[in-house]
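First up is the structure itself, then whatever we jot down about it.
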Amino acid sequence: MTDENHPQQNEPVNEYEREPVPEKAWKGPSSFWGMYAGEHTAGTEFMLGPLFIAWGANPIDMLLGLLCGDILAVLTWRFLTAPIATGLRLTLYYKLEKICGRRLVTLYNFANGVLFCFLAGAMVTVSATAVGVPFPGVKMPTFSDMMPTGVAWCVVVLLLGLAQTIVAVKGYSFVARVGHLSAPWMLLVFVACGLTTLPKLQSTDLSRIWTGIALNGGPSLGFWGFVFFAWLCNAAMHLGMADLSILRYARKASAGWASSAGMFLGHYIAWICASLLFALELQLHGRGASNAPGPMVYAATGWAGLACVVIAGWTTANPTIYRAGLAFQGMAPRMSRSTGTYIAGAVATFAGMFPAVAMKLLDFVGIYGTILCPVGAIIVVDYYLARRIGLTSNWAEKTGGSFNVAVLLAWILPLLPFAYLYWYHNVFPSYLTVPVWISCGILYIVFAKVFCRTPATANSIAA
Amino acid sequence: MNILARYLSLFALALTVVPAALFALGVLGDAPMKLAMLVGTVLWFAASPYWLKGGSE
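Sequences listed follow chains A and B, in order. As numbered in the numbering used here, the first sequence has no gaps in its residue numbers, which increase by one up to the final residue, 463. As numbered in the numbering used here, the second sequence has no gaps in its residue numbers, which increase by one up to the final residue, 57.
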């Protein structure tokens, strides 16, 4: 998973949010390798690895599927996101505003903000499992726990969420700095977790570690499930073009290869190591085993591991709460950023009390990507196809429009069958991300032909 | 100071992962492994800020 660019408080630095990044600010590829490695080795990895086992991973499907999915993700970053980022050198938000107008961007921001709150909530849950370790009264959640596990759990989550929210409001930059410093160390703690777990396993036979049997007795997540999940868990970032904001600084599109550091270190090594932790728990305690990261990591690596879980959860939750706050502030311009952040923190803390969000993280990540990534298809159409097929590029900028109906319809309509298939037929969300993305692009072409006429085109048709 | 901090950081990272490898090989016990990792962690956060730039400060 990801922890995007770190916003800062009171910064005098020009972030080029409403202009193309000038050549003097371009960066070489080395700037991106470390950043991607750090962003994709985060608190979510502690939850996702165990969830693979819960979903019935078998060794071949998991090891090969993740590998293929990670390769596809890297190729998407390199050949789709990076060329547009280095061609436009604009943030996603500014480019969207040029296409669909300020009011519709606000709606996108709101959707983003709400989803960020739930992601931050899952990270508060992860951190709480570590903070609760020294307190035996705190009952750790298991896969079957969807509701709060008790008063003590709620108190830990409440205190942690409150602290994280206050830091997001007042001292965000310190946490961003800690997150940056901890990245190399954190990856090694993941590796250490895997190494220390191996000799404790009752059997190192791969088929007894990743048994291929889902804990809920349902169908297991097969090869294609892993491929699509690994490819699309960051769909909002690559297909959805959120990483335009990062890669617009790249000197060349080849900087997109840097995403391989995040994929193969964070979304391969870290996931596999995290899944080993839960494999041990299952071998020791059977189906009632808890997948709470705190106790598992503490048992494997002691206080260093516990610190890692707290820092990983905290450094993922904090920027997420901060960005959600900004999104809410964008909805109500009279609201201060602090108020927006407090609201986001309160929602995240409340969500964090419910382990359901963290336990359903595989689903949530798929839903998150599928809801947000369609706007990337609109940018692809606008960037590569608009002039060739007679659409008005940057429609809102050229016409002064503030709400592009074509974008709204193209974004929302494919999500309706997605919601139906997910809720009523339990289709794994990551399977639907690409169809939704492609549908959105096609529908945008159709609706833009109908709704997005510039005054000049309208006049020529009338004549 | 900067050079010393770099070497200490490298040593700290080694202390974070090498004891775990030694534990996996059966060379090191559980308690010393965890203690070494904790020392490595403290050392990393003490030394790396001197030379590792980036983040928000």
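Just so it is clear, CB atoms sit at the ideal spot from N, CA and C, and this is done for glycine as well. Model, not experiment: these values are computed from the prediction.
Check whether residue i and residue j have beta carbons under 8 angstroms apart
{"i": "A/Phe226", "j": "A/Asp61", "result": "yes"}
{"i": "A/Ala261", "j": "A/Ala37", "result": "yes"}
{"i": "A/Thr196", "j": "A/Thr301", "result": "yes"}
{"i": "A/Phe409", "j": "A/Ala122", "result": "First, the amino acid is wrong: residue 409 of chain A is Leu here, not Phe. No, the pair does not count as a contact, with Cβ atoms beyond the cut-off."}
{"i": "B/Phe23", "j": "A/Pro199", "result": "yes"}
{"i": "A/Gly294", "j": "A/Leu306", "result": "yes"}
{"i": "A/Ala214", "j": "A/Ser207", "result": "no"}
{"i": "A/Asn291", "j": "A/Pro20", "result": "no"}
{"i": "B/Leu43", "j": "A/Leu181", "result": "no"}
{"i": "A/Trp224", "j": "A/Asn58", "result": "no"}
{"i": "A/Asp70", "j": "A/Tyr368", "result": "no"}
{"i": "A/Val133", "j": "A/Tyr298", "result": "yes"}
{"i": "A/Phe110", "j": "A/Ala327", "result": "yes"}
{"i": "A/Glu45", "j": "A/Trp271", "result": "yes"}
{"i": "A/Lys449", "j": "A/Leu244", "result": "no"}
{"i": "A/Thr370", "j": "A/Phe418", "result": "yes"}
{"i": "A/Val74", "j": "A/Ser259", "result": "yes"}
Interface residues of chain B facing residue i [CB-CB closer than 9 angstroms]
{"i": "A/Pro199", "result": "Phe23, Ala24, Leu25, Gly26"}
Contact list for residue i against chain A, beta-carbon separation under 9 angstroms
{"i": "B/Val11", "result": "Rather than Val, the amino acid found at residue 11 of chain B in this sequence is Phe. Those within 9 angstroms of B/Phe11 in chain A number zero; the least Cβ separation is about 12 angstroms."}
{"i": "B/Met33", "result": "Ala192, Thr196, Thr301, Gly302"}
Residue-chain proximity (residue i, chain C), Cβ-Cβ < 8 angstroms
{"i": "A/Leu195", "result": "Of the protein chains in the structure, A and B, none is chain C."}
Inter-residue spacing [alpha-carbon to alpha-carbon] between residue i and residue j
{"i": "A/Val405", "j": "B/Ala21", "result": "58 angstroms"}
{"i": "A/Ile461", "j": "A/Leu67", "result": "Low local confidence applies: a pLDDT of 42 at A/Ile461 is under 50, so the model's placement there is unreliable, and no value is given."}
{"i": "A/Gly240", "j": "A/Gly441", "result": "12 angstroms"}
{"i": "A/Leu158", "j": "A/Pro355", "result": "13 angstroms"}
{"i": "A/His6", "j": "A/Met237", "result": "In this prediction, A/His6 scores a pLDDT of 45, lower than 50, which makes its location untrustworthy; the coordinate-derived value is nonetheless stated afterwards. Distance between the alpha carbons of A/His6 and A/Met237 is about 15 angstroms."}
{"i": "A/Phe228", "j": "A/Gly65", "result": "8 angstroms"}
{"i": "A/Arg103", "j": "A/Ala250", "result": "29 angstroms"}
{"i": "A/Tyr93", "j": "A/Pro374", "result": "14 angstroms"}
{"i": "A/Gly87", "j": "A/Ser30", "result": "20 angstroms"}
{"i": "A/Leu112", "j": "A/Ala386", "result": "The sequence shown places Asn at residue 112 of chain A, not Leu. Cα-Cα distance, rounded: 26 angstroms."}
{"i": "A/Ala274", "j": "A/Leu187", "result": "11 angstroms"}
{"i": "A/Gly366", "j": "A/Cys233", "result": "6 angstroms"}
{"i": "A/Tyr424", "j": "A/Pro22", "result": "49 angstroms"}
{"i": "A/Val114", "j": "B/Phe45", "result": "33 angstroms"}
{"i": "A/Phe135", "j": "A/Gly400", "result": "58 angstroms"}
{"i": "A/Glu97", "j": "A/Ser439", "result": "21 angstroms"}
DSSP-derived helix/strand/coil call for residue i
{"i": "A/Ala54", "result": "helix"}
{"i": "A/Lys200", "result": "helix"}
{"i": "A/Asp3", "result": "Because the pLDDT at A/Asp3 is just 44, under 50, the model does not fix this residue reliably, and the point stays unresolved."}
{"i": "A/Ala386", "result": "coil"}
{"i": "A/Ser27", "result": "As written in the sequence, residue 27 of chain A is Lys, which differs from the Ser given in the question. Three-state DSSP puts A/Lys27 in a strand."}
{"i": "A/Ala250", "result": "strand"}
{"i": "A/Tyr16", "result": "coil"}
{"i": "A/Asp205", "result": "coil"}
{"i": "A/His238", "result": "coil"}
{"i": "B/Trp51", "result": "coil"}
{"i": "A/Phe451", "result": "helix"}
{"i": "A/His285", "result": "helix"}
{"i": "A/Arg334", "result": "coil"}
{"i": "A/Leu391", "result": "coil"}
{"i": "A/Val310", "result": "helix"}
{"i": "A/Thr142", "result": "coil"}
{"i": "A/Gly325", "result": "helix"}
{"i": "A/Phe428", "result": "coil"}
{"i": "A/Thr76", "result": "helix"}
{"i": "A/Trp423", "result": "helix"}
{"i": "A/Ala292", "result": "coil"}
{"i": "A/Thr399", "result": "helix"}
Amino acids of chain B, ordered along the chain, whose beta-carbon sits closer than 7 angstroms to that of residue i
{"i": "A/Ala307", "result": "Thr41"}
{"i": "A/Pro184", "result": "Leu13"}
Beta-carbon neighbours of residue i, restricted to chain A and to distances below 8 angstroms
{"i": "B/Ala5", "result": "The contacting residues do not exist; B/Ala5 stays about 12 angstroms from chain A at best."}
{"i": "B/Leu47", "result": "According to the sequence provided, residue 47 of chain B is Ala. The question's Leu does not apply to it. Within chain A, no residue comes near B/Ala47; the closest Cβ sits about 10 angstroms away, beyond 8 angstroms."}
Contact set between residue i and chain B, taken where Cβ atoms lie within less than 8 angstroms
{"i": "A/Trp314", "result": "Per Cβ cutoff of 8 angstroms: no residues; A/Trp314 is ~14 angstroms from chain B at best."}
{"i": "A/Val133", "result": "Correct list: empty, because the minimum Cβ distance to chain B is about 13 angstroms."}
{"i": "A/Leu188", "result": "Leu13, Thr16, Val17"}
Cβ-based burial, residue i [other Cβ within 10 Å; buried from 16]
{"i": "A/Ser144", "result": "exposed"}
{"i": "A/Gln164", "result": "buried"}
{"i": "A/Thr127", "result": "In the sequence as displayed, the identity of residue 127 of chain A is Ser instead of Thr. The residue in question, A/Ser127, is buried, as its Cβ has 16 or more Cβ neighbours within 10 Å."}
{"i": "A/Lys170", "result": "exposed"}
{"i": "A/Ser336", "result": "exposed"}
{"i": "B/Lys34", "result": "buried"}
{"i": "A/Asp382", "result": "buried"}
Interface partners of residue i on chain A, CB under 7 angstroms
{"i": "B/Met37", "result": "Ala192, Thr301, Gly302, Ala304"}
{"i": "B/Trp44", "result": "Trp185"}
Distance cut-off 7 angstroms: residue i Cβ against heavy atoms of the ligand PLP
{"i": "A/Ile272", "result": "In the structure shown, the ligand PLP is absent, as is every other ligand, since no ligand is present at all."}
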